[in-house]
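Going from the sequence shown to our numbering is simple: count from 1 and add 112. Don't be surprised by glycine CBs; every beta carbon is placed ideally from N, CA and C. None of these values were measured; they are calculated from a predicted model. Data first, discussion second: the structure below is written as structure tokens.
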Amino acid sequence: MAADSSIHRNTPSLTVNDGRGLPVRQVAYLRTVADVPVEALVTRLRHDIAGRLVEQQDPRLSVPNLVNVFGLSDQPLKIDSVDAGLGVILPGLAGEEQQRWDARGNHWRTTYDDQLRAVRRDVNAMAGVEKMTYADATEDAGHNLRGQMIELEDASGSLKFHSYALTGPALRETRTFHDDKAFVSRRTFSPLNTVLETIDAAGHKQQPTYDVAGQLIHTRLQTNGQLNWHTVLNSAQYNADGQITEQHAGNSVISRWNYRAADGRLHRHYAKKSSGEKLQDYEYEYDAVGNITRILDHAYIPTFFRNQLVDGHREFSYDSLYRLIRATGYSDAPPKDNPGRPQPTDPNDRRNFIETYDYGPGDNLVKTTHVRDGANHTFETSIDPASNHGVRWKPGDPPPEFAKLFDPAGNLLALQPGQPMQWNLHGELEKVTLVDRNGSSANDEECYGYSLGKRIYKRHETHTTKVSHFHEVRYLPELEIRTKDNGEELHVITLDIGPGGARCLHWEKDPANIGADQLRFTLADHLGSAVKELDAQAQLISEEGYRPFGVTAFYTKRSAIEVGYKTVRYSGKEMDATSLYYYGARYYAPWLGRWISADPAYAVDGLNMYAFVGNNPIARVDADGQTWLSFPAIETSEQRDTRKAASAAKQAQYQANMTLSRAVDRHKKILELTTRRAQEAEQQILNHQSAQAHGKSAAIRTATHLGNQTLSYGAGIGLGAVGAVMGSVAGPVGVALGIFLGFVVKKSVSMGLDFVSERMGLSASVKFKSSKLSSARIVKKGEYKTMNYGSYVLNKFRAIVQGMIAMNRKGWLRGGKEVGPVVASVVMKITKTPFASEISAALSTIAGTFEILHEVAGAGEPLSPEKKANADANIDGMVNVLNASLGELQNHFANANRESIHTYRPLNKVFGSAPGDSMASLADATGHTIAQLRRTQNLIRAA
């Protein structure tokens, strides 16, 4: 009975595929309360004829969320997103990005050298916004600089590379900021590309050590000017799956991780001092799919307050889409709905809370209800009806004007009312005004600088009528240099010791009551959130707990001075003075539970580009602001690199498969068209040699033309009757519409009959045309897929127009046949000429007959030596093209590491995969077509 009442009962995820095996519908069944009927949420997908995903539409919107337009080389030329706006890319011949327009109208132009390396980027009217310089053959080979980038200049300053390792990364680099302050960083790598030593820009040294599997087991630090080394990581052990099982930190804290044997999920994580005192002890319980349903904190000392027992345990519930819908926990104060850095709380006011979450059909978190000691606190978000843009809103407030709250690229323009945000040309947050004094004096603000997509600079300024203060941060490899207007300079050295991490606070000028080199070790939870900070003696510096979406629930400290230097918090990310978390690609607002800008990677995590970790913040974590990972994801940097490499390999395999599929389709269409052209040429040569064959072909050609005209005339008459009825009802407008419909239907039927006739060989020319065997013409028709009806019509009209523009007799015959009767028909129907339809059909028949008579007369003449020579050369050229195409296919098969393609068929699990197209089958088909060409060539030579 318990299973029958489950939220997740009968809620499968369904995918509907088309005949090509491509998904066209994805159906998810939503239930949030047990025993309530499910709600079907349908996501619609559309692929083009080449199998590329061109439209994606979520269950909420009436238009596609994301539309892609691809070029012939399969690169996206236009991406139109309801969240991120419209972007256009114009690539060069080699696929390189030449020009780009973003949703805010910025026009980027990239210049390349003769090796297709980007050397300059211009934006709008600004030339040289970014400049890249590369080393030539005169550079010192001992530093591996030849062909490498040696300098980058951008808005943040410059970055120079002085030496590279054989494995690729830079060994020494100089970062020069906008104020001309320069910093040199050095690294040493092993032959396996693992870091052996770093010397940061302040001269501090780190030396990690690895085991035979390349896993980190020891780290030590030597600060600048000191002879002694600090051991930061004593040892570490891993299981056969590469999961860490034990860690001995430099402050004598021992951490252990136990995993479930059945599925490898983390079961228990605890940490203790060498004396045995327990510091942390989390036990995790899961549902069947791996969502965490309960976290038991065995190290927590239960407290009693206001008739409540706070035992430290937390519970979580999910809907059938695995989104968090209910969480329990404890906090030291009611929640706030305004940004602000966390301040130490009063543990004497610790109470339990229950938090519930409501989502809209577009996966937006629209309502959070927090219940603490019987008091409800509700926070709502209003969502734009035309996109997933959302802002905080209260019942009774006027509807938000989303066009003013977000820019065209989907960037939020105000942190909250009165706190505008400014974005740079790359769509990165550039400045937040925290206090706007409307010009009466300088504003309080925080500014950011970036290079190569990463933040490298931050400056926070506050002002009063008498004094101004600033706090500045420069981000360098393994080092943050933090300075203040009072002369304080702090070096924060980032140390990799595995889960949790460590940081060394080294002061050039010591603040009161803190040592010159304070090592801080972090005890983290399963998401990497900094829960406890410990000093070198394993004494507690601070402890912080979080509500599910990252808002601080409680925060205790040892010293008010020390806690001011804690910057890393939820999920191991830095919180700014804005209360935004910086993730790398974008910023996260924990009080909103959503990102403040659209995902720059577009729909990699779903069509809602603002939803945070798929609305499951207990079981998922985001590493860089673009992609979330499912827990367990306690990754080392090496594991993260491996995962990214695997993802890149999977994407490369997909691209290779798609490229192979399109190349095979192209080759097969060219083979089909070539074979048909060769067979038609044989019949045409016979027409020139035999009166009987000549007469038979002329009769078939004429009968086909007359039959097609009769059928299309009948269709036109039928629509003409409809037009008469419409005219009697709607007057002139109805007559005009009837004329238009009659014309469209008549031409559609006519074109369809021509399409069928051509493929059956019934409408082939009576006389021989050597140009029909031209490799350029056959390949062009094959590439543009003229074997399908839509492309056939488009190319036929194009050929007619081009022939008339060329001012030759054949062009005017074809153009007159198509255009003349149409114009005459429209004029006669407007003037109400009797028997207009019959006269129009007769004109069309006569015009087509003239073209046939021209062919019949030409077929009565012998083949000229010039025409035979052209045909012979065209056949040789076509054979060369087919052999070259076969060679390209062999490369595509090798790149895709496949023996066959197009093996899908319905019920393939029952009947097995289809043989598909293999290199052998394609070579055999190509051989048959070439043999046909050679037979035709011999016939032409003998004529």
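What does a CB cutoff of less than 8 angstroms around residue i pick up in its chain, not counting 5 residues either side in sequence?
i, result
"L1034", "V776, H779, K780, L998, L1001"
"P188", "N180, V181, F182, I201"
"A487", "P446"
"L975", "I797, H800, F880, I1052, A1055"
"N476", "T493, I495, N500, G502, R706, N720, Y722, A723"
"R258", "A247, D248, A249, E251"
Just to check my reading of the structure: residue i and residue j have Cβ atoms closer than 8 angstroms, yes? What is that Cβ distance to the nearest angstrom?
i, j, result
"I404", "A642", "Not quite, the Cβ-Cβ distance comes to about 19 angstroms (not below 8 angstroms), so this is no contact."
"P454", "L527", "At roughly 17 angstroms, the Cβ-Cβ gap does not stay under 8 angstroms, so P454 and L527 are not in contact."
"I890", "I782", "6 angstroms"
"L719", "Q318", "Incorrect: roughly 42 angstroms between the Cβ atoms, too far for contact."
"S429", "I437", "6 angstroms"
"V324", "R332", "That pair is no contact at about 20 angstroms."
"A215", "P520", "4 angstroms"
"R586", "F289", "7 angstroms"
Cutting at 7 angstroms between CB atoms, please list the residues of its own chain near residue i, excluding the five before and the five after it.
i, result
"N986", "S882, L885, S886, S887"
"G433", "A small correction: the amino acid at residue 433 is Leu; Gly does not occupy that position in the sequence shown. Counting only Cβ-Cβ distances below 7 angstroms, and skipping sequence neighbours, we find A140, L142."
"L541", "M533, W535, Y560, Y699"
"H489", "P446, P447, H482"
"A745", "For A745, the pLDDT reaches just 46, beneath the cut-off of 50, and the residue's location in the model is therefore unreliable, although a value from the coordinates is still provided. So the qualifying residues of the chain are V733."
"L112", "An answer regarding residue 112 cannot be provided, because it is not within the stretch 113 to 1055 covered by the chain."
"G204", "Q210"
"T1056", "A question about residue 1056 goes unanswered here, because the residues of the chain that appear run from 113 up to 1055."
"V837", "The predicted model places V837 with a pLDDT of 44, which falls under 50 and marks its position as unreliable; any figure quoted below should be read in that light. Around V837: no qualifying Cβ."
"K685", "Y693, Y694, Y695"
Specify, as a first and last residue, the run of the beta strand (DSSP E) that residue i falls within.
i, result
"T739", "Element bounds for T739: n/a, residue is neither H nor E."
"S580", "580-588"
"I673", "Not the beta strand (DSSP E): I673 falls in the alpha helix (DSSP H), residues 672-675."
"S429", "426-430"
"T357", "356-361"
"K272", "269-276"
"I626", "Where I626 is concerned, there is no enclosing beta strand (DSSP E), given that its DSSP letter is neither H nor E."
"E263", "261-266"
"L617", "614-619"
"L202", "197-203"
"Q665", "For clarity, residue 665 is Ala in the given sequence; the question names Gln instead. Segment 664-669, the beta strand (DSSP E) holding A665."
"Y714", "Note, Y714: premise wrong, no beta strand (DSSP E); not H, not E."
"G441", "436-443"
"V643", "642-646"
Return the bridge partner residues of residue i from the DSSP annotation.
i, result
"D470", "K479"
"H255", "According to DSSP, which records beta bridges pairwise, H255 is partnered with nothing at all."
"M238", "V235"
"T250", "According to DSSP, which records beta bridges pairwise, T250 is partnered with nothing at all."
"I328", "For the record, residue 328 in the displayed sequence is Leu; it is not Ile. Y322, per the DSSP bridge assignment."
"V544", "M533, E558"
"V344", "According to DSSP, which records beta bridges pairwise, V344 is partnered with nothing at all."
"I495", "G502"
"K190", "V181, V200"
"G657", "F666"
For residue i, which residues in the same chain have their Cβ closer than 6 angstroms to its Cβ, ignoring the five residues on either side in sequence?
i, result
"W213", "V200, H219"
"D717", "W740"
"P589", "S297"
"N769", "A1008"
"S125", "A140"
"S275", "H255, L283, R284"
"M899", "Caution applies to M899, whose pLDDT of 42 falls short of 50 and renders its modelled position unreliable; the model cannot decide the point."
"E600", "K621"
Just curious, the alpha helix (DSSP H) that residue i is in, first and last residue?
i, result
"F514", "514-517"
"L564", "Premise fails: L564 is in no alpha helix (DSSP H) and is neither H nor E."
"D1039", "The question names Asp, but residue 1039 is Gly in the sequence shown. Looking at the DSSP string, the run of the alpha helix (DSSP H) that includes G1039 is 1031-1054."
"N728", "Run containing N728: none; DSSP gives neither H nor E here."
"E1000", "977-1008"
"A215", "Here A215 belongs to no alpha helix (DSSP H), and DSSP marks it neither H nor E."
Could you confirm whether any beta carbon from chain C is found closer than 9 angstroms to the beta carbon of residue i?
i, result
"Q767", "Within the model displayed, chain C is absent; a lone protein chain is all it includes."
Of all the beta strand (DSSP E) runs that stay within the bounds of the stretch 135-188, which reach a length of 3 or more residues? 135-142, 151-159, 165-169, 178-182
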